[in-house]
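J.: Numbering (UniProt numbering), first residue to last: 345 to 624.
Quick reminder that beta carbons are idealized off the backbone N, C-alpha and C, glycines included.
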Ligand code: ACO
Ligand code: LMR
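Now the structure itself:
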């Protein structure tokens, strides 16, 4: 009989061998004929299944909301500096992407992990937040540099509104909101941020859609799929910033001396202690 040689790669999400490419078994012609969008394509390639319309719409809303947040945030700043150093599109893009992490845009997976664990263990927001404090871990998904109680993040409100209207249950999001209510008693800027909103709401999407087993949800949370939403979304903005700088023929960037505190370490420690400067 035929002997199958062992392969070096196993792939389960797409197939390019036939007349047309297939995503999770769905031929490209069918994707186009059915009027699928980017949310459907993400469902097929990341989750290997077609998700209900409200889920794919939610994914698309996340992508649109996180596509850009102005030139001052870490990612855009890096991209702008790189583009102005004369580098190409891919270099400028990845330079910005490399800033995505636990403080900026890449807190979605950890927010989902911690909110899920705390909610499922029945911790009160007080118990959860205080236990994180004892461990010296900032609550992922909470806090913002420019948003606060009186200037809430519109993106978070839009996500919550959509989910309250379309999701069968928003129990994880409600838990995250309770956590926010508690953290806001500590400081004005400890709002539920866009990473925390997406992290908690994606848990609701996974649990409420009836499309994932408990084991699959645990795997998705453990592997960490959700930061991918921010990476994908922000790439749109970072590419835009690259084109913008090139179009404007911006010269090499050099940071102004006036904006640097040149000091000795001892003096820096003193200035931090008397609250003259904020430790970055
Ligand atoms: N949990 C608990 N306490 C916090 C948190 C938090 N998430 N964020 C800030 N604090 C408290 C801490 O007591 C902190 O003091 P410390 O420096 O001794 O730890 C104090 O507030 C002041 O913090 P700042 O550093 O001034 O806060 P900043 O405004 O610089 O930080 C940031 C904003 C980085 C978003 C922060 O809140 C944080 O680390 N959050 C968790 C990570 C996260 O969710 N990031 C995603 C942000 S949204 C996005 O990037 C798209
Ligand atoms: C973002 O979307 O980039 C932010 O929420 C971070 C910021 O500081 O604006």
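Assuming residue 565 contacts residue 444 under a Cβ cut-off of 8 angstroms, what Cβ separation, rounded to an integer in Å, is found between them?
T.: With 8 angstroms as the limit, residue 565 and residue 444 do not qualify as a contact, their Cβ atoms being about 19 angstroms apart.
J.: Just checking my contact of residue 543 with residue 455 at CB under 8 angstroms: how many whole Å lie between their CB atoms?
T.: Their Cβ separation, rounded to whole angstroms, is 3 angstroms, which keeps residue 543 and residue 455 in contact under 8 angstroms.
J.: Compute every distance between the C-beta of residue 462 and the non-hydrogen atoms of ligand 1, then say whether any falls below 6 angstroms.
T.: Checking the Cβ of residue 462 against ligand 1 gives no.
J.: Opposite residue 492 in the DSSP bridges: which residues?
T.: Answer by DSSP bridge pairing, in chain order: 495.
J.: Just curious, the alpha helix (DSSP H) that residue 603 is in, first and last residue?
T.: Segment: none, residue 603 is in no alpha helix (DSSP H) and carries neither H nor E.
J.: Three or more C-beta pairs closer than 8 angstroms, one from the region 421-434 and one from the region 597-608: is that the case here?
T.: With the cut-off at 8 angstroms, the region 421-434 and the region 597-608 touch.
J.: Residue 510 and residue 398: beta carbons closer than 7 angstroms?
T.: Yes. Within cutoff.
J.: Could I get the ranges of all uninterrupted alpha helix (DSSP H) runs contained in the region 438-497, with 4 residues as the minimum, in chain order?
T.: Entirely contained in the region 438-497, the alpha helix (DSSP H) runs reaching 4 residues are, in chain order, 452-464, 469-479.
J.: Who's in the neighbourhood of ligand 2, going by beta-carbon under 5 angstroms from any heavy atom, listed in chain order?
T.: Here the list is 413, 417, 489.
J.: Does DSSP put residue 366 in a helix, a strand or coil?
T.: Residue 366: strand per DSSP, three-state reduction.
J.: In three-state DSSP terms, what is residue 387?
T.: If DSSP states are grouped into helix, strand and coil, residue 387 belongs with the helices.
J.: Would you kindly check if the distance between the Cβ of residue 469 and the Cβ of residue 522 is under 7 angstroms?
T.: Yes, they are a contact pair.
J.: How many angstroms separate the CA atom of residue 383 from the CA atom of residue 368?
T.: So the alpha carbons of these two residues sit roughly 14 angstroms apart.
J.: Does DSSP put residue 544 in a helix, in a strand, or in coil?
T.: Three-state result, residue 544: helix.
J.: Which residue from 433, 488, 501, 517 puts its Cα closest to that of residue 462?
T.: Residue 517 is the option with its Cα nearest to residue 462.
J.: Using 7 angstroms as the threshold, is the C-beta distance between residue 582 and residue 430 below it?
T.: The answer is no: Cβ separation not under 7 angstroms.
J.: Under 6 angstroms from any heavy atom of ligand 3, does the C-beta of residue 537 make it?
T.: Only ligand 1 and ligand 2 can be found as ligands here, which leaves ligand 3 out of the picture.
J.: Say whether the region 483-493 touches the region 520-534, bearing in mind that this needs 3 or more beta-carbon pairs closer than 8 angstroms, one atom from each stretch.
T.: A contact exists between the region 483-493 and the region 520-534.
J.: Using 6 angstroms as the cut-off, classify the Cβ of residue 523 as near or not near the heavy atoms of ligand 1, replying yes or no.
T.: Not under cutoff, so the answer is no.
J.: Pop quiz: residue 484 and residue 526 are said to be a contact at Cβ under 8 angstroms. What is the actual Cβ separation, rounded to whole angstroms?
T.: Actually they are not in contact, since the Cβ atoms of residue 484 and residue 526 sit about 15 angstroms apart, beyond 8 angstroms.
J.: Any chance the CB of residue 493 is under 6 angstroms from a heavy atom of ligand 1?
T.: Outside the cutoff, so no.
J.: On the criterion of 16 or more Cβ atoms from any shown chain inside 10 Å, does residue 460 qualify as buried, or is it exposed?
T.: Buried: at least 16 other Cβ atoms inside 10 Å.
J.: With 16 as the cutoff for other CB atoms within 10 Å, does residue 571 come out buried or exposed?
T.: Under this definition residue 571 is a buried residue.
J.: Name the one or two DSSP bridge partners that residue 358 has.
T.: Looking at the DSSP assignment, residue 358 forms a beta bridge with 367.
J.: Note down, one range per segment and in chain order, each alpha helix (DSSP H) of at least 4 residues found wholly within the region 382-433.
T.: If we require 4 residues or more, the alpha helix (DSSP H) runs fully inside the region 382-433 come out as 382-391, 397-409, 418-428.
J.: Starting from residue 536, follow its DSSP beta bridges and name the residues at the other end.
T.: For residue 536, which the question treats as bridged, DSSP gives the partners 486.
J.: With a 10 Å radius around its C-beta and 16 neighbouring C-beta atoms as the bar for buried, classify residue 648 as buried or exposed.
T.: What the structure shows of the chain is the stretch from 345 to 624, and residue 648 is not part of that stretch, so it cannot be assessed.
J.: Which of the three DSSP states, helix, strand or coil, is assigned to residue 375?
T.: Reduced to three states, the DSSP call for residue 375 is helix.
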